[in-house]
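> Numbered by mature numbering (1 follows the signal peptide of the UniProt record, and there is no 0), the letters in the sequence shown go through residues -20 to -1, 1 to 108 in order. Even for Gly, the Cβ is constructed at its ideal location relative to N, Cα and C. Remember, it's a predicted structure, so these values are computed and weren't measured experimentally.
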Amino acid sequence: MASSLLVLVLVLCSLAATEAQLRLYNLRASGLPTSLFGSTDGYVKVFCSSVSVGKTSVVSNNANPWWKEEFAYFQAQENDVLRLEVHDSDFLFDDLLGVCQRQVKLGTHTHDCYLDKGGTLNYSYTLG
């Protein structure tokens, strides 16, 4: 009986630390800065911990882009760091406009992030 209880406790503990799906969606920015070449050609790179999850398409000539892509990462754990890098695509090299970092929590959340070079990134995620 005691060994059965121990096995049950171990199973429940392992379930608490299991991986979950992280779903990132509704990425949009406002007030992105203009460059010498005109309006921003923005895109976002997505990372969870040190893993590259993907990047959005480039939205050209728009200081207020809305990206339609959604991202899923199936090995996320609560308290992993979600990192979003907002870039301006240029001919020679891309400019980093800002970085948003946050530890993910279970449930659905929406956040605003103020970018270093101006503008705001808004996004939603679900971990579960």
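#1: Just the Cα atoms here: how many angstroms apart are L(-16) and T20?
#2: Leaving aside the five residues before and after L95 along the sequence, list all residues of the same chain whose C-beta is less than 7 Å from its C-beta, in chain order.
#3: Could you have a look at F71 and say whether DSSP puts it in helix, strand or coil?
#4: Could you name the residues of the same chain whose beta carbon sits closer than 6 Å to that of C93, not counting the 5 residues immediately before and after it, in chain order?
#5: Buried or exposed for T36, please, with buried defined as at least 16 other CB atoms from any protein chain shown within 10 angstroms of its CB.
#6: Kindly list the residues whose CB is nearer than 6 Å to the CB of V24, restricted to its own chain and excluding five residues on each side of it in sequence; keep chain order.
#7: Less than 8 Å between the C-beta atoms of E50 and Y105, yes or no?
#8: Have a look at P45 and S10 and give me their C-alpha separation to the nearest angstrom.
#9: Kindly give me the distance between the Cβ atoms of V39 and V33, rounded to whole angstroms, as I take these residues to be in contact under 8 Å.
#10: Answer with buried or exposed for A52, where buried requires no fewer than 16 other C-beta atoms within 10 angstroms of its C-beta.
#11: Considering only residues of the same chain and omitting the five flanking positions on each side of G87, which have a CB-CB separation below 8 Å?
#12: For the beta strand (DSSP E) containing A52, list its first residue and its last residue.
Quick answer:
#1: Counted from its first residue, the sequence shown places residue -16 at position 5. Counted from its first residue, the sequence shown places residue 20 at position 40. Any reading at L(-16) must be qualified, since the residue scores a pLDDT of 44, below 50, and its modelled position is unreliable; the value itself is stated next. Going from the Cα of L(-16) to the Cα of T20 covers about 59 Å.
#2: Reading the sequence shown from its first residue, position 115 is the one you call residue 95. If we look at L95 and ignore the five residues flanking it on each side, its Cβ neighbours are V66, L77, G78 and L101.
#3: Residue numbering aside, residue 71 sits at position 91 when the sequence shown is read from its first letter. Reduced to three states, the DSSP call for F71 is coil.
#4: Mapped onto the sequence shown, residue 93 falls at position 113. Same-chain partners within the cutoff: C80 and L101.
#5: Within the sequence shown, the letter at position 56 stands for residue 36. Answer is buried; the Cβ neighbour count reaches 16.
#6: Sequence index remark: in the sequence shown, residue 24 carries index 44 (1-based). Within the same chain, V24 has close Cβ partners L7, T36, L64 and V66.
#7: Sequence index remark: in the sequence shown, residue 50 carries index 70 (1-based). Sequence index remark: in the sequence shown, residue 105 carries index 125 (1-based). No; because the gap between Cβ atoms is not below 8 Å, this pair is not in contact.
#8: Counting from one through the sequence shown, the residue named residue 45 turns up at place 65. Counting from one through the sequence shown, the residue named residue 10 turns up at place 30. So the alpha carbons of these two residues sit roughly 7 Å apart.
#9: Taking the first residue of the sequence shown as 1, we reach residue 39 at position 59. Taking the first residue of the sequence shown as 1, we reach residue 33 at position 53. About 19 Å; that fails the 8 Å criterion.
#10: As a first step, residue 52 must be located in the sequence shown, where it is residue number 72. Classified as exposed, A52 has fewer than 16 neighbouring CB atoms from the shown chains inside 10 Å of its CB.
#11: By one-based count along the sequence shown, residue 87 stands at place 107. Excluding residues within five positions, the ones whose Cβ falls inside 8 Å are T106, L107 and G108.
#12: Reading the sequence shown from its first residue, position 72 is the one you call residue 52. Counting along the chain, the beta strand (DSSP E) containing A52 begins and ends at F51 to A56.
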